[in-house]
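Engineer:
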Ligand SMILES: NC(=O)c1ccc[n+]([C@@H]2O[C@H](COP(=O)([O-])OP(=O)(O)OC[C@H]3O[C@@H](n4cnc5c(N)ncnc54)[C@H](OP(=O)(O)O)[C@@H]3O)[C@@H](O)[C@H]2O)c1
């Protein structure tokens, strides 16, 4: 009997994760079809994708991009505008899975809509869990949504946990490449340019996450993401530098056994893992040749060099508003650095200064999430202009 294809909505289709998702789907045309492609501004990329994936609808959340696409999409493809249309595309009844790959907390409403609709959700957009982890995971439980990580580290943990008792976990260890400045003299980082920060040694990624990797804010966000995804207290979560990015994460059990997942650093691997519901999918990534790799190195994270990793310890010990504010202030500071309005070393400094000013309280409504998010953005903007 012919198997029913899995129907997808891709949020953030025009980005780096969107491209890798399209690549994996196009390798398996018998298994996947596209309901909606959702982008923000990149109309040219959306045109190419719409030709390749033949979706039923295209959504652009930015008005100018809509004007650029008018009359250009393949015949029969409908064009919708705005975040409300993205939310509708994420919760459409015929959709089986939503790939949540917008960047930043802007992606939260649509990803959460997918969760409320009980979808399988491939979660790349880690900022959703950092800002609203408690609400997001509770909604997934209540609505029967299956949240599958699309971060290489979390996909690795997910695999190392399969078939094991949660209570036997001693520690989850995420690996971190250390980014482009792992070995550079910290004094020389003051004059780093956005181009240098974005040039990641192992991964090809979008601009925001590449800068987050250079400051190691990305690993800080990932620790919070892991806290919610795997329901783990902060003291059981850690990170270690592993420059080769071959071992993606490890889970240490009570009996001293450590299970790791290894693969070449290519996001198509965790994406294929998230897309599969039965047998493993061919992902198109190079085969791992350990004899050629030669060595796998590990070293402790230097929190002097990477203060974001010191800051996250305070954030994880504190209440929800700290994580919301850390994320929001980082989004503002990261963008300001990319716009050449802020120095590289001032990104985490700005986040730390914002954290010193905000309340440390729990949050259980989305309205409260947004109000703390706004306040942290306001404070960060104010500090950057000063
Ligand atoms: N890239 C990776 O290897 C990787 C790995 C793990 C996790 N992630 C996570 O996956 C997410 C996406 O990362 P990425 O590297 O793919 O980023 P990216 O290449 O910058 O793509 C971001 C996507 O989000 C859209 N977008 C930007 N601002 C938006 C807004 N205000 N409203 C709605 N959509 C918006 C962009 O649309 P336009 O381009 O059309 O403007 C694009 O489709 C991030 O949360 C990142 O942390 C990425």
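Residue numbers (this note's numbering): 77 to 462.
Where is the CB? At the ideal position from N, CA and C, for every residue including glycine.
(1) Looking at residue 260: is its Cβ nearer than 9 angstroms to the Cβ of residue 319?
(2) Should residue 338 go down as buried or exposed, given a rule of 16 or more other Cβ atoms within 10 Å for buried?
(3) Mind checking residue 275: buried by the 16 CB within 10 Å criterion, or exposed?
(4) Could you say which of 170, 207, 212 and 202 lies nearest to residue 189 if we only look at CA atoms?
(5) Where residue 192 and residue 119 are concerned, what is the direct C-alpha to C-alpha distance, given to the nearest angstrom?
(6) Helix, strand or coil: which one does DSSP assign to residue 107?
(7) Can you list, in chain order, the residues of its chain with a C-beta nearer than 7 angstroms to that of residue 255? Leave out the 5 residues immediately preceding and following it.
(8) Of all the alpha helix (DSSP H) runs that stay within the bounds of the segment 329 to 368, which reach a length of 4 or more residues?
(9) Return the chain-ordered list of same chain residues with a C-beta closer than 7 angstroms to the C-beta of residue 414, the five sequence neighbours on each side being excluded.
(10) Check for me: the beta strand (DSSP E) holding residue 134 runs from which residue to which?
(11) Compute the distance between the beta-carbons of residue 198 and residue 351, then report whether it is under 9 angstroms.
(12) Pull up the distance between the alpha-carbon of residue 149 and that of residue 80, whole angstroms please.
(13) Using a 10 Å radius around the Cβ and a threshold of 16 neighbouring Cβ atoms, would you call residue 342 buried or exposed?
(14) With a threshold of 8 angstroms, establish whether the CB of residue 417 neighbours any heavy atom of ligand 1.
(15) Closer than 8 angstroms: is that where the CB of residue 93 sits relative to any heavy atom of ligand 1?
(16) Excluding five sequence neighbours on each side, which residues of the same chain lie with their C-beta closer than 6 angstroms to the C-beta of residue 336?
(17) Looking at C-alpha atoms only, which residue of 122, 139 and 137 is the closest neighbour of residue 131?
(18) Note the first and the last residue of the continuous alpha helix (DSSP H) segment covering residue 119.
(19) Could you pull out every unbroken alpha helix (DSSP H) segment of at least 4 residues lying fully inside the segment 163 to 221, listed in chain order?
(20) Please classify residue 228: is it buried, with 16 or more other beta-carbons within 10 angstroms of its beta-carbon, or exposed?
(21) So residue 206 and residue 84 are supposed to be a Cβ contact under 8 angstroms. How far apart are they, rounded?
(22) Name the residue from 360, 93, 247 and 78 whose alpha carbon lies nearest to the alpha carbon of residue 285.
(23) From residue 164 to residue 186, what distance separates their C-alpha atoms?
(24) Relative to ligand 1, is the shortest distance from any of its heavy atoms to the C-beta of residue 152 smaller than 8 angstroms?
(25) Beta-carbon within less than 6 angstroms of residue 349's beta-carbon, same chain only, minus the 5 sequence neighbours each way: which residues are those?
(26) With DSSP as the reference, label residue 276 as helix, strand or coil.
(27) Just to confirm my understanding: we take residue 381, look at its own chain, exclude 5 residues before and 5 after, and list those with CB closer than 6 angstroms. What are they?
(28) Taking 8 angstroms as the line, does the beta carbon of residue 116 fall inside it for any heavy atom of ligand 1?
(29) Looking at residue 427 and ligand 1, is the gap between the Cβ and the nearest heavy atom below 8 angstroms?
(30) Over the uninterrupted beta strand (DSSP E) stretch that includes residue 460, give me the two end residues.
(31) Residue 83 bridges to which residues according to DSSP?
(32) What does the Cβ neighbour count give for residue 219, buried or exposed, with the cut at 16 atoms within 10 Å?
(33) Measure the C-alpha to C-alpha separation of residue 176 and residue 441 and round it to an integer number of angstroms.
(34) Scan the segment 231 to 314 and note each continuous alpha helix (DSSP H) run of 4 residues or more that stays entirely inside, going in chain order.
(35) At the level of alpha carbons, what is the spacing between residue 86 and residue 174?
(36) Between which two residues does the beta strand (DSSP E) carrying residue 155 extend?
Structural biologist: Considering the structure as presented:
(1) Counting from 1 along the chain shown, the entry for residue 260 is found at position 184. Counting from 1 along the chain shown, the entry for residue 319 is found at position 243. No; because the gap between Cβ atoms is not below 9 angstroms, this pair is not in contact.
(2) Working through the chain shown from its first residue, we reach residue 338 at position 262. That one is exposed.
(3) The sequence position of residue 275 within the chain shown is 199, counting from 1. With fewer than 16 Cβ atoms within 10 Å of its Cβ, residue 275 is classed as exposed.
(4) What you label residue 189 is simply residue 113 of the chain shown in a count that begins at 1. Of the candidates 170, 207, 212 and 202, the one whose C-alpha sits nearest the C-alpha of residue 189 is 212.
(5) As a first step, residue 192 must be located in the chain shown, where it is residue number 116. As a first step, residue 119 must be located in the chain shown, where it is residue number 43. In a straight line, the C-alpha of residue 192 is about 29 angstroms away from that of residue 119.
(6) The residue labelled residue 107 in the question sits at position 31 within the chain shown. Correct three-state label for residue 107: coil.
(7) As a working note, residue 255 is residue 179 in the chain shown. Listed in chain order, the non-local C-beta contacts of residue 255 below 7 angstroms within the same chain comprise 276, 289, 290 and 292, local neighbours out to five positions each way being set aside.
(8) For the segment 329 to 368, the full-length alpha helix (DSSP H) segments reaching 4 residues or more read 344 to 351 along the chain.
(9) Here residue 414 refers to the residue found at position 338 of the chain shown. Excluding residues within five positions, the ones whose Cβ falls inside 7 angstroms are 270, 283 and 287.
(10) Stepping through the chain shown from its first residue, residue 134 is reached at position 58. That run of the beta strand (DSSP E) goes 133 to 136.
(11) Locating residue 198 in the chain shown gives position 122, where the first residue counts as 1. Locating residue 351 in the chain shown gives position 275, where the first residue counts as 1. Inclusion of residue 198 and residue 351 in the CB contact set at 9 angstroms is warranted, their separation being smaller than that value.
(12) The count along the chain shown starts at 1 and reaches residue 149 at position 73. The count along the chain shown starts at 1 and reaches residue 80 at position 4. C-alpha separation (whole angstroms): 26 angstroms.
(13) Start at 1 with the first residue of the chain shown, and residue 342 comes out as number 266. Residue 342 should be labelled buried.
(14) Here residue 417 corresponds to residue number 341 of the chain shown, with the count starting at 1. Checking the Cβ of residue 417 against ligand 1 gives no.
(15) For the purposes of this step, residue 93 is taken as residue 17 along the chain shown, with counting starting at 1. Yes, the beta carbon of residue 93 sits closer than 8 angstroms to at least one heavy atom of ligand 1.
(16) The residue given as residue 336 occupies position 260 in the chain shown. Excluding residues within five positions, the ones whose Cβ falls inside 6 angstroms are 323 and 326.
(17) For this step, residue 131 is matched to residue 55 along the chain shown. Looking at the Cα atoms, 122 is the closest of the given residues.
(18) In the chain shown, the residue the question calls residue 119 occupies position 43. Run containing residue 119: 119 to 129, per the alpha helix (DSSP H) assignment.
(19) Counting only runs of 4 or more, we get 184 to 192 and 203 to 219.
(20) Here residue 228 refers to the residue found at position 152 when the chain shown is read from its first residue. In this structure residue 228 is buried. Its beta-carbon is surrounded by 16 or more other beta-carbon atoms within 10 angstroms.
(21) If you number the chain shown from 1, residue 206 lands on position 130. If you number the chain shown from 1, residue 84 lands on position 8. Rounded to whole angstroms, the Cβ separation of residue 206 and residue 84 is 24 angstroms, and the two are not in contact under 8 angstroms.
(22) Here residue 285 is taken as the residue at index 209 of the chain shown, counted from 1. Ranking the options by Cα distance to residue 285, first place goes to 93.
(23) Position 88 of the chain shown, counting from 1, holds the residue named residue 164. Position 110 of the chain shown, counting from 1, holds the residue named residue 186. Between residue 164 and residue 186, the alpha-carbon positions lie close to 8 angstroms from each other.
(24) Residue 152 sits at position 76 when you count from the first residue of the chain shown. Between ligand 1 and residue 152, a heavy atom-to-CB distance of less than 8 angstroms is absent.
(25) Here residue 349 refers to the residue found at position 273 when the chain shown is read from its first residue. Same-chain partners within the cutoff: 231.
(26) As a working note, residue 276 is residue 200 in the chain shown. Collapsing the DSSP output to three states places residue 276 in coil.
(27) By one-based count along the chain shown, residue 381 stands at place 305. Taken in chain order, the residues that qualify are 262.
(28) Here residue 116 is taken as the residue at index 40 of the chain shown, counted from 1. Yes, Cβ of residue 116 sits closer than 8 angstroms to a heavy atom of ligand 1.
(29) The count along the chain shown starts at 1 and reaches residue 427 at position 351. A distance criterion of 8 angstroms places the beta-carbon of residue 427 beyond contact range of ligand 1, judged by its closest non-hydrogen atom.
(30) Start at 1 with the first residue of the chain shown, and residue 460 comes out as number 384. Note, residue 460: premise wrong, no beta strand (DSSP E); alpha helix (DSSP H) at 442 to 461.
(31) Taking the first residue of the chain shown as position 1, residue 83 is located at position 7. DSSP output for residue 83 lists 109 as bridge partner(s).
(32) Indexing the chain shown from 1 puts residue 219 at position 143. Burial call: exposed.
(33) Counted from its first residue, the chain shown places residue 176 at position 100. Counted from its first residue, the chain shown places residue 441 at position 365. When only Cα atoms are considered, residue 176 and residue 441 end up about 21 angstroms apart.
(34) Qualifying alpha helix (DSSP H) stretches, in chain order: 270 to 274, 283 to 291 and 293 to 305.
(35) Numbered from its first residue, the chain shown carries residue 86 at position 10. Numbered from its first residue, the chain shown carries residue 174 at position 98. Taking the straight line from one Cα to the other gives about 6 angstroms.
(36) One-based indexing of the chain shown puts residue 155 at position 79. For residue 155, the enclosing beta strand (DSSP E) covers residues 154 to 157.
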